[in-house]
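Enquirer: So for the sequence shown, the working numbering puts the first residue at 12; every next one is plus one.
Beta carbons are placed, not taken as given, at the ideal position from N, Cα and C, and that holds for glycine.
Pasting a structure here, questions to come.
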Amino acid sequence: MSDVTYFDTAKRSFKDVPVINNEIALTEFIEASESVVALFDLLGSTAFAPVQKDMTGNIKKLRDCQNADPLNPTTLQALVKNELASGKHNATEGLLWLNRGLTFTCQAIRNNHDNPTEELSASFTTAYGKTLKKHHNMFVKGVFSLAMKACPYRADFYKKLGSNQVKVSEQLEEWLTSLELCCGILGVWIEEVKW
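In structure tokens form, the structure reads like this:
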């Protein structure tokens, strides 16, 4: 039986995103965020397609801005500062919404990881209520409600993360801790940015 987990095959884990003096490495953050989009594939439902599409679109805004910036910023914060100085805010808005989506995902999986008897649908529903719901209109709330109901059983999801559940749990804890750090920094910083 293979010990390879989702975290072993992900393009980049959040545990590998450098954070120095509350500045988050840009390229590594983008790559780790792309891996979160792939994580939704493990939930196995097309109901999460709008979530993936939204996250992918926001990641693209960051990457496009990064590729177009002649100053070659190395951190998310530098990218946003450069963009805002040019009078634009496309990537800034993308980062705001991407962070909200990452925070939702992080809170859902953290709650589920910390409560071994709770099903994913309950964890995701609670996280949605605490994070994204206040930013959504009635139509989007309906889409998310459908997605929450389409969550697989907890046991099925964790099996998809890997067969060695001890290793999965250790890697998931590292991933969550690092994602929480990034989301926490961005949650405070991006809300304070004047744009």
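1. Counting along the chain, where does the alpha helix (DSSP H) carrying Cys162 start and finish?
2. Apart from the five residues just before and just after Glu42, which ones in its own chain have a Cβ nearer than 6 Å to its Cβ?
3. What distance in whole Å lies between the Cβ atoms of Glu130 and Tyr164, which are believed to be in contact at a cut-off of 8 Å?
4. Would you identify the three-state DSSP class for Ala2, choosing helix, strand or coil?
5. So does the segment 53-61 actually touch the segment 102-113, counting three or more Cβ pairs closer than 8 Å?
6. Taking Glu39 as the reference, which of Lys26, Val199, Trp200, Glu181 has the closest Cα?
7. Counting C-beta neighbours from all protein chains within 10 Å, is the total for Lys72 16 or more, i.e. buried, or is it exposed?
8. How should Met149 be labelled, buried or exposed, when 16 other C-beta atoms within 10 angstroms of its C-beta is the threshold for buried?
9. Hey, quick one: how far does the alpha helix (DSSP H) through Gly198 stretch, first residue to last?
10. Any idea if Phe123 is buried or exposed, counting beta-carbon neighbours within 10 angstroms, 16 or more meaning buried?
Expert: Inspection of the coordinates gives the following:
1. Unbroken run through Cys162: none, as it is neither H nor E.
2. Lys22, Arg23
3. 7 Å
4. The question about residue 2 has no answer, for the chain in this structure spans 12 to 206.
5. no
6. Lys26
7. buried
8. exposed
9. 176-203
10. Contrary to the premise, residue 123 reads as Asn rather than Phe in this sequence. So Asn123 counts as buried.
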